[in-house]
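S.K.: In the numbering used here, the protein residues as written are -10 to 133.
Below: one structure in structure tokens.
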Amino acid sequence: MIDIRKITETDLSVLADLLEELTQTPTDRDKMRHNFRWMESHADYIVLGAFEQEKLVGSLMGIVCRDLAGDCRPFLVIENVIVSSKCRGKGIGRLLMRAIEKAGRQRNCYYAIFVSSVKRKEAHKFYESIGYRLNEVQGFKKFL
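As structure tokens, then:
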């Protein structure tokens, strides 16, 4: 059974391992802890984990952003979506995405948006299977 719940500070070590699997770069664990503590005090940041038998096997982060256009409803940015390569194909990513979308709806978000590396073809198939469409917008990203 998979349990989706908020990440706590005690989960950060395993979360760092998962994020390193995603990004292929080391995580500065001290900065991570500092940023996580800050995020915990800001309700617009949502960091969820998927736990299988109390072991963290997946995670994602949502950020509720205020908008100035139209009726000014907020939108949800989704980032750092990862399911351990050992646990893929079990519906964990689907559960995480449903949970973050539910959190967005509860905060009156108009839409959810994210970017995914062009190389992650399997991830793209997954996102399309849960209702996201690549052809609706073109994503741009620039490292600063």
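Built from N, CA and C at the ideal position, the CB exists for glycine as well.
#1: Have a look at V66, K91, K130, M(-10) and flag the residue whose alpha-carbon is nearest the alpha-carbon of Q42.
#2: According to DSSP, what are the bridge partners of M86?
#3: So, is L85 buried or exposed, given that buried needs 16 or more other C-beta atoms within 10 angstroms?
#4: The beta strand (DSSP E) spanning M50 covers which residue range?
#5: When you compare the segment 29 to 36 with the segment 50 to 57, are there three or more beta-carbon pairs, one atom per stretch, that lie closer than 8 Å?
#6: Which of helix, strand or coil does DSSP assign to D6?
#7: When DSSP labels each residue in this structure, what does L11 get in the three-state scheme?
#8: Could you spell out where the alpha helix (DSSP H) holding A112 opens and where it closes?
M.R.: To lay it out plainly:
#1: By 1-based counting over the sequence shown, the position of residue 42 is 53. The shortest C-alpha separation from Q42 is found at M(-10).
#2: By 1-based counting over the sequence shown, the position of residue 86 is 97. Residue pairing by DSSP places M86 in no beta bridge whatsoever.
#3: Along the sequence shown, read from residue 1 onward, the residue named residue 85 stands at position 96. For L85, the number of other beta carbons within 10 angstroms of its own is at least 16, and it is reported as buried.
#4: Translated into positions along the sequence shown, residue 50 becomes position 61. Where M50 is concerned, the enclosing beta strand (DSSP E) stretches over 44 to 54.
#5: In short, these stretches touch, since the Cβ pair count reaches three.
#6: Within the sequence shown, numbered from 1, the residue matching residue 6 stands at position 17. The answer is helix: DSSP assigns D6 an H, G or I state.
#7: Within the sequence shown, numbered from 1, the residue matching residue 11 stands at position 22. DSSP, read as helix, strand or coil, puts L11 in helix.
#8: Looking up residue 112 in the sequence shown gives position 123. Note, A112: alpha helix (DSSP H), 110 to 118.
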